[in-house]
Amino acid sequence: MTLWLTRIVPSPRSREAQRDLAGSDQGIRLHRRMLLMFPDGVEGPPRAAFGVLFRTEESRPGPRILLQSHTQPDASRLPGDYGSVETRSLDTLLSKLHKGMVVNYRCVANPVRKPGAASREAYGLPPVVALSGNAAVEWWERQSSAAGLEALHIDAEPLPAVRGRQRTSGPAAERRIQHARTQFDGSARVVDAELLREKLATGIGRGKAYGCGLLSVAPTR
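Residue numbers for the sequence shown, in the working numbering: 25 to 245.
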């Protein structure tokens, strides 16, 4: 299976691009926008059908969007002035991954824990608790290990949470979306290359539809 990585640099002159990037519901708006680049009429959730994962990043020239998918996206389905789009296959990178290799990584993820029923009742906790600080780092250590990596260095930077309503009308308008986000950067040693390839394709943690979970790796120089 081929994985495709698409880099989108939104144009500051595009109203639609700037609207997608604005506000705490950015992840919800971009979820809809990214799916527009894939065929209609698939069975089941389109995000899962096409393996869509994405995240936004801040760079010196301005924000950019990284989109990963199992199917090559059709950039012509974006508004004409949305921005520059470049797509490439990740096959070469994936084929070169091997045990013992040291890579740099980045992942914007939703670190959480699910307290048991007794803890929720005793302490009045919600079903899902967002993690921060050392707890988020420990969460990432467990997740990276489950992805076939041995974390050597971890930087964890809290990011604004994704918040908003799933839809603006209809029954889904009542469903509120909220995902805390942390950006994890660092270096790691590959322990299980096949497991790593699987996690690169499927993503890590919750909130994958809204800009969380995309794991990127690159060989250290």
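The beta-carbon is built from N, C-alpha and C at its ideal position, and this holds for glycine as well. Nothing here was measured: the structure is a model prediction, and the numbers come from that model.
Please return the same chain residues whose Cβ sits closer than 8 Å to the Cβ of residue i, not counting the five positions on each side in sequence.
i	result
Ile52	Val186, Gly188, Arg189, Gln190, Ile201 and Tyr234
Pro85	Val33
Pro184	Ser48 and Arg205
How many angstroms separate the CA atom of residue i from the CA atom of residue j?
i	j	result
Ser100	Val66	19 Å
Thr80	Val136	20 Å
Lys123	Gly68	35 Å
Leu60	Ala154	30 Å
Pro11	Leu102	Summary: the structure shown does not reach residue 11, with the chain confined to residues 25 through 245, and so no result is reported for it.
Ser168	Ala212	9 Å
Thr111	Leu117	14 Å
Val76	Leu238	9 Å
Let me know if residue i comes out buried or exposed under the rule of 16 or more other beta-carbons within 10 Å of its beta-carbon.
i	result
Gly210	buried
Arg43	exposed
Lys223	buried
Gly47	exposed
Ser93	buried
Where do the N-terminal and C-terminal ends of the beta strand (DSSP E) with residue i fall, by residue?
i	result
Ala184	It should be noted that the sequence gives Pro, not Ala, for residue 184. Leu173 to Arg189 is the extent of the beta strand (DSSP E) around Pro184.
Gln92	Pro87 to Ser93
Glu81	Leu77 to Glu82
If you drop the 5 nearest sequence neighbours on each side, which residues of the same chain put their C-beta closer than 7 Å to that of residue i?
i	result
Asn134	His203, Ala204, Arg205, Gly229, Arg230, Gly231 and Cys236
Trp163	Pro135 and Leu155
Looking at the strands, I want to know which residues DSSP matches up with residue i.
i	result
Tyr129	Gly210 and Val241
Ser169	DSSP output for Ser169 lists no bridge partner at all.
Arg205	Leu183
Glu110	Arg31
Between residue i and chain D, is the shortest Cβ-Cβ distance under 7 Å, so that the two count as touching?
i	result
Val214	This model lacks chain D altogether; it includes just one protein chain.
Hey, quick one: how far does the alpha helix (DSSP H) through residue i stretch, first residue to last?
i	result
Ser38	Ser38 -> no alpha helix (DSSP H), and no H or E assigned at all.
Gly51	Gln50 to Leu59
Ser119	Asp115 to Lys120
Glu218	Ala217 to Thr226
Ala73	Pro70 to Phe74
Suppose the cutoff is 6 Å on Cβ atoms and the five residues either side in sequence are ignored; what does the same chain contact list for residue i look like?
i	result
His55	Ala233 and Tyr234
Gly172	Val215, Asp216, Leu219 and Leu220
Leu114	Leu27 and Leu29
Leu91	Thr30, Met58 and Phe78
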